[in-house]
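Colleague:
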Amino acid sequence: MSTPSAVLKPPRWKSWRAHLHPLPYVLLLPTVFFVYLFTINPTFRVLRDSQIYYHPNLPARPKMTDLGLPGVPEEVRTLRGPHNVGLAYFRAFLDPSTRIGARFWRVMKNTLLYVVTTVPVSMLLAFIFAVLLNRTVRGIGWARMAFFYPTMLPMVSAATIWLFFFTPEYGLWNLMLEKFGYTGPQNWVINPKLALWSLVIVAIWKNAGYFMIFYLAGLQNLPTDVYEAAELDGAGWWSQMFRITLPLLHRTTLFVSVIAIIGAFQTIDHALVLTRELVTGEADLLLYEIYWQRFENADYGLANALTVTMIAILLVLTMLNFLISERNNA
């Protein structure tokens, strides 16, 4: 008498256990631990602390000026110690009539202007540099090193160099502008109308060479047979550039744009060197505002709320970048 096939099959849990190899999971444990320690845990702590209000007259904050958090009763704002205020900071951000909201929108305006100028210009210059340097001629290695050299400098060092360039009387930047008919020396770093543009200039000078490396690597990996076929069909240089090169560099452009946007929002080094003395706030960027609220003003709750806002903005911009890019290439 034959035994049914269902009886001959081992239980499902034994089959799953036979295919389970614990070694890969054990090897992943150190990575999971460090990701939790330095990414997941700080993220949840920032989310939690963004709902905490600290009294402005604590001994650690003698220079603090109470910004008057709206929606929080006066009796809570006068109590010692931290207090949970829920989403009060985020509600204040949405209301430009409050002091917190007015300061937030001024910082966001500066940051948006900084991002929409530095990112496209840096990427455009990087692509132009890569096209110019993508050739095999004598001395091309020195030319590539010259364009890449600003990237090797720390941002603080680059800002210090440009601080000398922006000096009113003998700075090279003002001397160069005078050659083009611009008269009258300007102290860019303390001029409210020019301070933000000084940060933009330094960032473009610093980042264009870095982004150039990615475009240069992408150009050198493009298939040559496509260009040979295009030349046989009579396609000119401009036609090859816009119909072949740029579409094939789509992934490179996407990657460069993501790291450029994230890097622009993380700008603080040269702001601390160049525009720290500008107290009117016309050049304050988002990360600089987080630093100032956390370490200078000791407003931990506001700094955490700004951090959560920056993370959310970066997440949205990155996702939109991917969605738009994928839709255009669908």
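With my numbering applied, the sequence shown covers 1036 to 1365.
Using N, Cα and C, we set each Cβ at its ideal position, and we do this for glycine too.
Quantities reported herein were computed from a predicted structural model and do not represent experimental measurements.
By the 10 Å Cβ neighbour count, where 16 or more other Cβ atoms means buried, how is Q1328 classified, buried or exposed?
Modeller: buried
Colleague: Once the 5 residues before and after T1202 are set aside, which same chain residues still bring their CB inside 7 Å of it?
Modeller: Within the same chain, T1202 has no close Cβ partners at all.
Colleague: Is it right to say L1062 is buried, meaning 16 or more other beta carbons lie within 10 angstroms of its own, or is it exposed?
Modeller: exposed
Colleague: Out of L1231, A1265, L1289, point me to the one whose CA is closest to H1305's CA.
Modeller: L1231
Colleague: Nearest by alpha-carbon distance to I1239: which of W1223, M1190, H1285, P1258 is it?
Modeller: Closest in alpha carbon position to I1239, among W1223, M1190, H1285, P1258, is M1190.
Colleague: Just to confirm before moving on: does the CB-CB distance between F1200 and F1182 stay below 9 Å?
Modeller: no
Colleague: Quick one: grab the DSSP three-state call for I1225.
Modeller: coil
Colleague: Restricting to runs no shorter than 4 residues, where is the alpha helix (DSSP H) found entirely within the region 1221-1299?
Modeller: 1230-1255, 1259-1267, 1272-1275
Colleague: Taking CB distances under 9 Å as the criterion, tell me whether L1320 reaches chain B.
Modeller: You won't find chain B in this structure, because it holds only one protein chain.
Colleague: Which partner residues of N1119 appear in the DSSP bridge assignment?
Modeller: Note: N1119 sits in a beta bridge opposite I1087.
Colleague: Please name the residue in L1251, M1143, I1346 whose C-alpha comes closest to that of M1175.
Modeller: A small fix is needed here, since residue 1175 is Ile in this sequence, not Met. Taking only the C-alpha atoms, the option nearest I1175 is L1251.
Colleague: Helix, strand or coil for D1304, going by three-state DSSP, please let me know.
Modeller: helix
Colleague: My assumption, with CB atoms under 8 Å, is that L1267 sits in contact with N1145. Please give the rounded CB distance.
Modeller: Not a contact, Cβ separation roughly 52 Å.
Colleague: For L1198, which residues from the same chain have a beta carbon less than 8 Å from its beta carbon, with the 5 sequence-adjacent residues on both sides left out?
Modeller: Taking C-beta separations shorter than 8 Å and ignoring five residues to either side along the sequence, the partners of L1198 in its chain run V1224, V1308, L1309, following chain order.
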